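For the sequence shown, the residue numbers in this note's numbering are 2 to 446.
No residue lacks a Cβ here, since even glycine has one placed at the ideal position from N, Cα and C.
Keep in mind the model is a prediction, meaning the values are calculated, not measured.
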Amino acid sequence: MYNPEKERRLKVGLFIAIGLINVSVFCIWVPARLQISETFIRANNIWDRMEKAIFAVIDLCLNAYFMHLVKSKLVAHGLTQYMLVYKFNLVMVTISISLDVILIGFMSLRDDAVYVQVHPLVYLTKLNIEMNMAELLGKVVKRSNELRSSMPSTDVWQPRLGPMDVFDHEWLGSAKDFIMPRGGDTHNTGGGAGGGGTGQMHELNLDILQDSNPDKANASSMYLQSTFLEAPLQAGISLIPFCAVLMSFTGIAAMGVERTRRYLWEIWLGWIILSVGVGLFGSWGTEHNTTMMPAGFQVVAGIGLGTLFIGPPIPMQASVERVKDQGLAVGILVTFRLFGTLLGLVIAATAFGNQFAASVAGLGPLPAQAAILENPNEALSFIPYLRHVQLPAETMSCIRDAYAQALRAVFHILEAFGGVGFFASLFTRESAIESKEAGKQGFVG
2 MYNPEKERRL KVGLFIAIGL INVSVFCIWV PARLQISETF IRANNIWDRM EKAIFAVIDL
62 CLNAYFMHLV KSKLVAHGLT QYMLVYKFNL VMVTISISLD VILIGFMSLR DDAVYVQVHP
122 LVYLTKLNIE MNMAELLGKV VKRSNELRSS MPSTDVWQPR LGPMDVFDHE WLGSAKDFIM
182 PRGGDTHNTG GGAGGGGTGQ MHELNLDILQ DSNPDKANAS SMYLQSTFLE APLQAGISLI
242 PFCAVLMSFT GIAAMGVERT RRYLWEIWLG WIILSVGVGL FGSWGTEHNT TMMPAGFQVV
302 AGIGLGTLFI GPPIPMQASV ERVKDQGLAV GILVTFRLFG TLLGLVIAAT AFGNQFAASV
362 AGLGPLPAQA AILENPNEAL SFIPYLRHVQ LPAETMSCIR DAYAQALRAV FHILEAFGGV
422 GFFASLFTRE SAIESKEAGK QGFVG
């Protein structure tokens, strides 16, 4: 049963515990950085690691408790669609805790610059994981409410909920939202499986994890959804090799610079590998005909992008004469990165629209269910519906091929940008990454 007092104690306890830890870090970290005494420096080296380990344990315990509730209160009582949520959260928790372990390991490196660069990346990634999980739960509630409002008030089937006293009001409300019509036919996709019948969940019910906003998806994710007809969650899982390799090589590249004390070779190598990897994306077809296509090409692109994530800030910081100007140098780098993102988005969107319009025009008049695709501006917003629209197999194959051609054009443009980046990096002057300057406190560093 839902216990408000237990919830309140948990929130207050976490607030007090995390607050005390943060205050203790502040009281130790500031004197250590000011080098007031060796005692504070040694205490900071120990407590900083312990603090991150404690946060990792708290994160793990909270996620484990959440997964226990999902499995015991939902999956165990017939709502098996939540097993997908459980498995997805299990993978994300594993990645999140692994990032904590990696971050603690970077603290043992001789050069603090590596840790300083990786630290914000790790916590931004963990924040993104938590936000995605929160967004996923929001979609559960939203889609459940949409289904409930669209269902007739009579002749409905409800999953077995077991004894009513095992649910609190919140869990019971979520379970009742999944009422489905008895004997209704599911919508079949061009290449997907459908089904219906008494006592079966409607296929659309599983789309609580398959709704997507194409404006927030990257080109690889859109390719998987439009040409392979993968659900957004399945596309995200398919892109795990890319994300895992990218994160790994941000650390490997940093350690390479720390070991060799040089960085230009990494920047050149990163541009070359990234260009090759994105170019390989352009060879994707419309079927998963080999393992290399969904995974192998991602590894190549992930190596290049992970290397470049760490490389460019180093020459920007090494080129300044005064330490206090390093923040300005990195700010300039971020500004140009954002401008490059905007420029790439405009060029890629234009290329996608032109290529998609040309491909669809060659198909002739489209069926009414897909007539909206004759306007290329609607192509991205239609991606979530591709798996559900009922079209002849030949027409669906042609539409998927149109998406594939348009996105391959985007990949080839990005490949060309990679070549331009490599050519521009040839004019970069390599500066020494070691420098000494007396800061405001008078300490030489």
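Where the alpha helix (DSSP H) containing residue i begins and where it ends
i, result
"Asn376", "Element bounds for Asn376: n/a, residue is neither H nor E."
"Leu415", "Ala394 to Ser426"
"Ala18", "Pro5 to Arg34"
"Val58", "Glu39 to Lys74"
"Ser221", "Ala220 to Ser227"
"Trp269", "Leu265 to Phe282"
"Val347", "Gln327 to Ala362"
"Glu322", "Segment: none, Glu322 is in no alpha helix (DSSP H) and carries neither H nor E."
"Glu249", "Residue identity check: residue 249 is Ser in the sequence provided, not Glu. From DSSP, the alpha helix (DSSP H) with Ser249 extends over Ile241 to Thr261."
Residue nearest to residue i in terms of C-alpha spacing, selected from the options
i, options, result
"Gly297", "Ala255, Phe412 and Val279", "Val279"
"Thr228", "Gln327, Pro385, Arg34 and Leu138", "Pro385"
"Met223", "Arg9, Gln406, Val31 and Leu21", "Gln406"
"Phe107", "Ala254, Lys88 and Glu322", "Ala254"
"Ile415", "Glu379, Leu346 and Lys88", "The residue you asked about is not Ile; residue 415 is Leu in the sequence shown. Among Glu379, Leu346 and Lys88, the Cα nearest to that of Leu415 is on Leu346."
"Phe67", "Leu427, Asn90, Asp402 and Ala77", "Asn90"
"Leu306", "Leu427, Gln370, Cys244 and Ile42", "Cys244"
"Ile130", "Val117, Val92, Asp113 and Ile105", "Val92"
"Glu136", "Trp285, Arg111, Val86 and Ser109", "Val86"
"Thr396", "Ile241, Pro368, Leu240 and Phe41", "Pro368"
"Ala362", "Val335, Thr40 and Ile400", "Ile400"
"Arg430", "Gln327, Gln318 and Gly328", "Gln318"
"Gln235", "Val246, Ser221 and Leu247", "Ser221"
"Leu15", "Trp48, Thr40, Phe56 and Ser38", "Phe56"
Straight-line Cα distance separating residue j from residue i
i, j, result
"Val301", "Val24", "43 Å"
"Phe412", "Phe418", "10 Å"
"Phe340", "Val421", "16 Å"
"Glu259", "Val115", "7 Å"
"Glu435", "Thr351", "44 Å"
"Ile96", "Leu344", "32 Å"
"Leu408", "Ala359", "13 Å"
"Lys12", "Leu21", "14 Å"
"Asn64", "Val94", "7 Å"
"Ala330", "Ala425", "18 Å"
"Leu61", "Lys53", "12 Å"
"Gly332", "Ser276", "26 Å"
"Ala433", "Ala232", "48 Å"
"Ala403", "Pro316", "42 Å"
"Leu138", "Asn4", "21 Å"
"Val1", "Leu225", "No answer is possible for residue 1: the residues shown for the chain start at 2 and end at 446."
"Asn133", "Asn219", "15 Å"
"Leu374", "Gly237", "25 Å"
"Val31", "Leu128", "25 Å"
"Ser249", "Val71", "31 Å"
"Asn45", "Ala33", "6 Å"
"Asn376", "Met84", "38 Å"
"Gly163", "His78", "With a pLDDT of 39 at Gly163, under the threshold of 50, the predicted position of this residue should be treated as unreliable, though the coordinate-derived value follows. Distance between the alpha carbons of Gly163 and His78: 6 Å."
"Met26", "Met51", "Per the sequence presented here, residue 26 reads as Val, with Met not at that position. If you take the alpha carbons of Val26 and Met51, they lie about 10 Å apart."
"Gln391", "Ala371", "9 Å"
"Ile42", "Gln36", "7 Å"
"Phe168", "Lys74", "Per-residue confidence for Phe168 stands at a pLDDT of 35, beneath the threshold of 50, marking its modelled position as unreliable; the derived number appears in the next sentence. Rounded to the nearest angstrom, the two C-alpha atoms are 7 Å apart."
"Val324", "Leu281", "41 Å"
Residue i in three-state terms, based on DSSP
i, result
"Pro368", "coil"
"Ile434", "coil"
"Ala232", "coil"
"Leu387", "coil"
"Pro121", "helix"
"Glu136", "helix"
"Gly305", "helix"
"Thr429", "coil"
"Thr95", "helix"
"Thr126", "helix"
"Gly79", "coil"
"Leu85", "helix"
"Pro313", "coil"
"Leu104", "helix"
"Gly286", "coil"
"Asn189", "Note that Asn189 has pLDDT 38, beneath the 50 cutoff, so the model's placement of it is unreliable and the number below is only indicative. If DSSP states are grouped into helix, strand and coil, Asn189 belongs with coil."
Cβ of residue i within 8 Å of any chain D Cβ
i, result
"Phe41", "The chain labelled as chain D is not found in the depicted structure, where only one protein chain is given."
For this session: Could you tell me whether the stretch 93 to 109 touches the stretch 122 to 129, where touching means 3 or more Cβ pairs closer than 8 Å?
Result: Yes: the two stretches touch, three or more of their Cβ pairs being nearer than 8 Å.
For this session: Inspect the CB distances between the stretch 307 to 325 and the stretch 262 to 273 and report whether three or more fall short of 8 Å.
Result: Contact between the stretch 307 to 325 and the stretch 262 to 273 is present, because at least three Cβ pairs lie under 8 Å.
Problem set entry | Meets three-Cβ-pair contact criterion under 8 Å: the stretch 353 to 369 and the stretch 377 to 392 | Using a Cβ-Cβ distance cut-off of 8 Å, the stretch 353 to 369 and the stretch 377 to 392 are in contact, since at least three pairs of beta carbons, one from each stretch, lie closer than that value.
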